[in-house]
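Sequence order for the protein chains is A and B.
Just so we're aligned, residue 61 is where the first sequence starts under the numbering used here, counting upward by one.
Just so we're aligned, residue 61 is where the second sequence starts under the numbering used here, counting upward by one.
2 protein chains.
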Amino acid sequence: MPVFASDMISSVAYAPDEILLALSLSGLVALTVSPWIGLAVGIVILVIVACYRLNLQAYPSGGGDYAVARTNLGTRAGLVVAASLLVDFVLTLAVSMTVFAGYIGAMIPEVKPYKVAIAVAGILVVTLAGLRGSASIRRMLAVPTYLFVLAVLTTVAVGTYRVATGDTPVAATSGYAVLPVDEEDTALMGLTAVFIVLRAFSSGSVALAGVQTVATAVPGFRSPRGRNAGITLLITGALSACMLIGLTWLSARIGIKYVAAPTEQLVAEAGRPIAADFEQDPVLGQLAQAVFSGFPFMFYVVAGVAALVLLVAANTSTEGFPGLSSRLARDGFLPRQLATRGDRLTFSNGILLLAGAATVLVIVFGASVPDLIELYLVGVFTAFVLGQLGMIRHWTVRIRRMVSSPVRRRMQLNRVVNGIGLVLTAGVLTVVLVTKFTGGAWIAIAAIAVLYVLMGLIHRHYRRVDSELAPDEDDVSARTLPSNTRAVVVVTDIHKPMLRALAYARTSRPTFLDAITVAVDEEAAEALQDRWDRMDLPVPLTILDSPYRELVRPVMNHVAELRRRSPRDLIIVYLPQYIVGRWWENVLHNQTSLRLKSRLLFVPNVVVATVPWRLRSFTRAREQLLRRAGDVDAESFRELH
Amino acid sequence: MPVFASDMISSVAYAPDEILLALSLSGLVALTVSPWIGLAVGIVILVIVACYRLNLQAYPSGGGDYAVARTNLGTRAGLVVAASLLVDFVLTLAVSMTVFAGYIGAMIPEVKPYKVAIAVAGILVVTLAGLRGSASIRRMLAVPTYLFVLAVLTTVAVGTYRVATGDTPVAATSGYAVLPVDEEDTALMGLTAVFIVLRAFSSGSVALAGVQTVATAVPGFRSPRGRNAGITLLITGALSACMLIGLTWLSARIGIKYVAAPTEQLVAEAGRPIAADFEQDPVLGQLAQAVFSGFPFMFYVVAGVAALVLLVAANTSTEGFPGLSSRLARDGFLPRQLATRGDRLTFSNGILLLAGAATVLVIVFGASVPDLIELYLVGVFTAFVLGQLGMIRHWTVRIRRMVSSPVRRRMQLNRVVNGIGLVLTAGVLTVVLVTKFTGGAWIAIAAIAVLYVLMGLIHRHYRRVDSELAPDEDDVSARTLPSNTRAVVVVTDIHKPMLRALAYARTSRPTFLDAITVAVDEEAAEALQDRWDRMDLPVPLTILDSPYRELVRPVMNHVAELRRRSPRDLIIVYLPQYIVGRWWENVLHNQTSLRLKSRLLFVPNVVVATVPWRLRSFTRAREQLLRRAGDVDAESFRELH
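Spelled out as structure tokens, the structure:
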């Protein structure tokens with residue numbers, strides 16, 4: 061359970077911060093309201109978890125809300141869900157790694173200025189782990205999640221004990237007061253306290269994003285998948301809710317502050333300004349420092365484990381995003397190369413796409429958590445709402461078909477549960493949209509819209525090509541074969557690759573076999589002809605004129621001429637290609653033959669046969685690779701060479 | 061003659077500026093010394109022209125100093141010359157376009173802040189013209205050169221007439237005095253006047269760079285090439301020398317100033333500072349304004365024609381650089397794709413390389429002429445020196461062989477001429493090196509060194525591969541052919557491209573023919589099998605398992621298995637490939653088959669036959685292209701499709 065759960069659980073590392081931050085804008089209500097907001101988010105978590113257990117039972121083969129919405133509400137709804145989730149997977153990665161950089165900065169204050177670089181480095185690590193995608197890594201990932209739950213619960217328990225015994229812990233910011241923002245965010249100052257509370261609630265809802273991850277990742281569970289995933293969800297949800305409620309309650313009790321601009325918004329007891337170099341730690345970090353006041357080591361443990369669990373949580377993105385995009389690719393909504401696995405059994409293209417997008421986001425938003433959070437959640441809750449709507453439809457259809465009682469009654473009950481989920485998630489979505497639209501949610505909405513349109517266009521393109529390629533009746537029965545085969549070997553020099561091409565061309569026993577060379581340099585061409593004759597090669601060599609030192613055009617003209625003379629023949633052009641071992645060798649080899657090939661493929665009835673010649677550098681590079689890797693595939697590769 | 065000449069002639073547009081600029085550092089001597097420097101440069105021009113007429117007679121097939129040095133002094137010397145010239149072709153383009161931006165700025169002062177953008181735009185225009193490379197453009201290019209010569213000579217003549225009649229023209233800067241630089245260039249202030257004069261001379265020598273262009277561009281002349289190029293050189297040299305001497309003399313007579321920082325270095329008559337917004341025009345522009353004082357229109361004519369001739373001069377770079385790099389590529393010192401011409405009969409790769417390098421230079425040096433001039437000339441004069449040395453060796457060898465008199469005596473005379481050339485150019489090279497090394501010449505030297513080493517490594521690589529590929533004795537006589545051919549058609553779906561691949565595979569009559577498909581999705585695979593059976597295709601279909609939704613690995617394993625069972629057979633894998641009409645369609649098609657192909661080529665005894673399928677978008681795009689272009693090739697293309 062731990063890997064998929066980590067996303068949801070790790071959100072506890074930043075959800076309290078976002079709640080306090082949003083409340084700090086009012087400057088006053090923070091202390092009294094934040095635990096209630098924590099409680100509200102906790103309740104929403106539990107309700108949604110209850111709903112998603114039903115989803116998983118009904119669609120145990122996975123796909124999450126995309127499958128639910130597409131099956132019950134049609135393709136358009138499915139695509140909206142898919143686009144929303146793709147955007148939110150990117151945001152999950154960006155947010156997790158930004159928070160990760162924050163915890164690293166809390167532990168090592170010297171690196172705080174480099175948080176963008178640290179976040180990008182985090183993305184890189186997660187990407188590489190995702191590309192390797194080994195099962196042993198995944199097992200390792202379980203440890204931090206357990207440790208994190210343990211650390212947070214211990215912190216809350218010790219803190220509560222100290223509060224109960226009258227020894228209330230004191231945090232760095234406990235004595236500070238929060239000034240209301242005046243100039244910074246004037247638009248918000250005119251709003252009522254209700255709006256601010258709602259905004260805090262919507263920011264706190266990041267804790268919910270993880271539910272989607274589990275739902276989408278179902279294929280990764282052991283059978284019976286639906287049930288196992290459901291249990292995971294339940295445990296994770298309950299734990300997250302407890303941790304969140306505990307943290308917000310305890311931090312409010314201790315008087316922890318978290319604001320956007322500490323030096324401006326915080327004042328010490330007597331209204332004196334605080335130290336100019338005051339650095340504000342995440343809420344969980346402050347709490348750990350306060351609770352284990354005599355024992356600073358525990359602060360590093362909590363912050364370190366938080367950083368680790370965020371890395372693990374990011375890992376769920378690199379599972380969820382490629383999984384969903386592969387499904388979309390198979391359904392023809394994304395480019396086909398996203399559909400199949402790469403060499404290491406991972407959907408590498410999808411992972412790279414995800415990492416690229418997240419890196420761009422982190423850099424553009426300067427690794428600022430509050431800014432990224434503004435974009436977040438629109439997608440998650442859009443998916444939630446459509447998913448619940450789909451489930452209600454699912455039950456309605458089934459209830460209508462069902463005659464008899466107990467099953468039917470349970471289905472009706474399920475429908476009520478999903479109905480409650482729909483109302484709740486729709487409510488949160490509305491809150492998120494209203495409170496965050498101008499703050500950045502519009503960017504996410506625009507991205508979702510663009511993705512939606514793009515997927516539609518891709519689908520239309522594939523459908524159009526499919527209809528273009530559909531075999532006709534006469535293709536099936538009476539496809540007449542070309543009458544003869546004419547093989548042409550393009551000769552640039554007399555060397556082994558060319559001799560191999562010639563040998564292969566002869567092996568395939570064409571009706572006619574020609575060798576041609578282009579006289580880019582007349583003397584060289586004559587010398588070539590001499591050597592050809594001396595070697596007594598059993599194929600005639602034709603020399604093509606090239607007054608302008610071209611290579612491609614004379615060959616094209618020759619092939620065109622062949623085609624003109626015998627339009628019903630199949631022309632096979634044999635081209636040697638060097639297989640090189642080092643990337644830069646591609647600059648020195650193959651360029652002309654690639655150009656020639658791409659042009660030859662324009663001509664009807666021409667097939668280009670590529671005859672590979674493996675340079676020594678290739679075999680050497682391959683051997684080195686095998687020696688270094690001790691790879692699973694080493695055996696099979698060795699057999700091939 | 062005008063196109064090749066334009067490079068040399070256009071240098072008159074900035075050589076006087078550089079002379080005055082270098083002298084202005086001393087603050088005093090400018091007025092008296094500059095005409096003598098102009099005269100000295102003019103004399104050097106004439107001597108070098110005389111030398112190069114001999115080069116051209118001796119090596120009429122072109123290649124310039126590269127050919128001369130390589131033939132007479134060996135490969136190493138040839139490569140030094142080649143590297144020097146490649147670097148200087150890039151600098152010619154960068155300098156010309158920077159000066160071009162300067163003249164545009166003189167005409168339209170509003171655009172002065174955008175000189176980098178204008179220079180880059182100039183490079184773009186020249187590159188596009190070079191890529192088109194049409195003869196009609198070249199004929200058009202003659203006009204600006206004639207106009208420029210006419211404009212400069214008219215300016216000088218009218219100015220001289222006015223001076224002679226006592227009506228001395230007055231320029232904007234005539235009344236100003238130059239202050240010596242104190243802080244700006246402290247290193248130089250300690251140097252003697254001699255050094256400053258030498259520096260001015262070396263800067264003025266930019267007027268010589270064009271000689272190389274003519275020499276390298278010889279293949280472009282009409283026969284008898286050597287003689288025609290020689291005459292061009294003579295006329296161009298004489299004209300350039302006259303124009304340069306006239307301009308420096310006249311501007312000194314009128315008292316034109318040109319300094320690095322006008323507002324700091326210039327003061328008005330009574331020591332009063334000049335206007336803070338004073339903008340300094342190029343010397344030729346100031347002269348035109350002064351000479352045609354009552355008639356400002358002429359200023360725009362002169363400046364406009366200067367800008368035009370600089371564009372034409374830049375064009376010589378796009379002829380010279382690709383020409384030389386093609387020669388080097390044919391000799392195996394540069395990647396082979398630089399050797400042959402592209403679709404429009406131009407060496408497009410070389411032109412793009414040149415344009416890229418020049419753009420980088422312009423941007424890095426902020427389109428500053430003095431900074432770029434610092435890098436210039438090292439290469440030109442290195443080439444000159446080695447070229448002259450090569451010519452002396454050339455005559456010496458010939459004189460030794462020769463017995464009888466008149467021819468022998470003429471050769472001895474020629475050797476003396478080249479000897480004078482050697483002494484002069486070596487002198488200038490020394491001056492350039494001494495006066496400019498720290499200013500930027502070291503960058504050019506470093507670039508030349510890097511290029512030299514790189515060309516050596518490329519040559520070694522090609523030689524090594526050549527020896528690896530050289531056919532052995534047994535390759536020649538007793539090459540045994542593979543015993544059977546096994547054709548494999550990879551099926552992903554039943555559509556026309558696949559049916560075509562199957563038909564072509566059958567046409568080539570292999571010993572065994574297999575169709576294989578990978579069961580990425582089991583249901584889809586069964587459906588495919590059903591359709592296959594129903595269509596009654598005459599080839600058996602093998603379904604390969606793929607438990608991990610992979611496509612490449614199962615095919616690889618199948619091919620490896622085939623190879624294991626019959627190691628002496630030739631395996632031909634038929635892969636359909638879509639030929640698309642729009643670049644983005646490549647993202648949606650062919651990716652998997654490309655990956656499959658690149659992996660299959662790793663396996664010995666495997667040939668990949670690419671069966672093209674032209675999508676409708678391709679034929680449509682092609683037709684549009686033909687309709688728009690009205691191209692020379694339209695006919696031949698139309699025949700092909």
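Cβ atoms here follow ideal geometry from the backbone N, Cα and C, with glycine treated the same way.
Residue i: first and last residue of the uninterrupted alpha helix (DSSP H) it sits in
i                     : result
residue 149 (chain A) : 135-167
residue 565 (chain B) : 556-567
residue 494 (chain A) : 465-496
residue 419 (chain A) : 408-424
residue 189 (chain A) : 175-192
residue 430 (chain B) : 429-435
residue 82 (chain B)  : 75-84
residue 224 (chain A) : 202-224
Partners in chain A for residue i, counting only beta-carbon separations shorter than 9 Å
i                     : result
residue 672 (chain B) : 660, 661, 662, 663, 664, 666, 667 and 668
residue 556 (chain B) : 528, 529, 530, 531, 532 and 535
residue 340 (chain B) : What residue 340 (chain B) touches in chain A: nothing, since even the nearest Cβ is about 42 Å away.
residue 514 (chain B) : Neighbours of residue 514 (chain B) on chain A: none; closest Cβ ~11 Å, over 9 Å.
Reduced DSSP secondary structure (H/G/I, E/B, other) of residue i
i                     : result
residue 572 (chain A) : strand
residue 452 (chain B) : helix
residue 531 (chain B) : coil
residue 233 (chain A) : coil
residue 550 (chain B) : strand
residue 579 (chain B) : strand
residue 442 (chain B) : helix
residue 249 (chain A) : With a pLDDT of 49 at residue 249 (chain A), under the threshold of 50, the modelled position of that residue is not reliable, and the figure given next carries that caveat. Reduced to three states, the DSSP call for residue 249 (chain A) is helix.
residue 400 (chain B) : coil
residue 545 (chain B) : strand
residue 695 (chain B) : Note that residue 695 (chain B) has pLDDT 49, beneath the 50 cutoff, so the model's placement of it is unreliable and the number below is only indicative. The answer is helix: DSSP assigns residue 695 (chain B) an H, G or I state.
residue 538 (chain A) : In this predicted model, residue 538 (chain A) has a pLDDT of only 43, less than 50, meaning its place in the structure is not dependable; the value taken from the coordinates is given anyway. Coil, per DSSP.
Start-to-end residues for the beta strand (DSSP E) that takes in residue i
i                     : result
residue 593 (chain A) : No beta strand (DSSP E) holds residue 593 (chain A); the alpha helix (DSSP H) holding it covers 582-595.
residue 672 (chain B) : 666-674
Chain B contact residues for residue i, given Cβ-Cβ distances below 9 Å
i                     : result
residue 545 (chain A) : 564, 567, 568 and 569
residue 117 (chain A) : The premise fails here: residue 117 (chain A) is roughly 23 Å from chain B at the closest Cβ pair, so nothing lies under 9 Å.
residue 191 (chain A) : Here the premise fails: no neighbours, minimum Cβ distance about 15 Å.
residue 435 (chain A) : Correct list: empty, because the minimum Cβ distance to chain B is about 26 Å.
Chain A residues whose Cβ lies nearer than 8 Å to that of residue i
i                     : result
residue 648 (chain B) : 395, 396, 518, 521 and 522
residue 675 (chain B) : 525 and 528
residue 577 (chain B) : Per Cβ cutoff of 8 Å: no residues; residue 577 (chain B) is ~13 Å from chain A at best.
residue 615 (chain B) : Within chain A, no residue comes near residue 615 (chain B); the closest Cβ sits about 11 Å away, beyond 8 Å.
residue 346 (chain B) : Those within 8 Å of residue 346 (chain B) in chain A number zero; the least Cβ separation is about 46 Å.
residue 637 (chain B) : 661
Chain A residues whose Cβ lies nearer than 7 Å to that of residue i
i                     : result
residue 652 (chain B) : 396, 397 and 400
residue 580 (chain B) : 400
Under 7 Å from the C-beta of residue i: neighbouring residues of chain B
i                     : result
residue 473 (chain A) : What residue 473 (chain A) touches in chain B: nothing, since even the nearest Cβ is about 34 Å away.
Chain B residues whose Cβ lies nearer than 8 Å to that of residue i
i                     : result
residue 630 (chain A) : 564, 567 and 568
Q | Sequence ranges, alpha helix (DSSP H) only - wholly within the stretch 305-371 of chain A, length at least 4 | A | 322-325 and 343-351
(Q) Give the list of continuous alpha helix (DSSP H) stretches no shorter than 4 residues that lie fully inside the stretch 587-663 of chain B. (A) 612-625, 645-648 and 651-660
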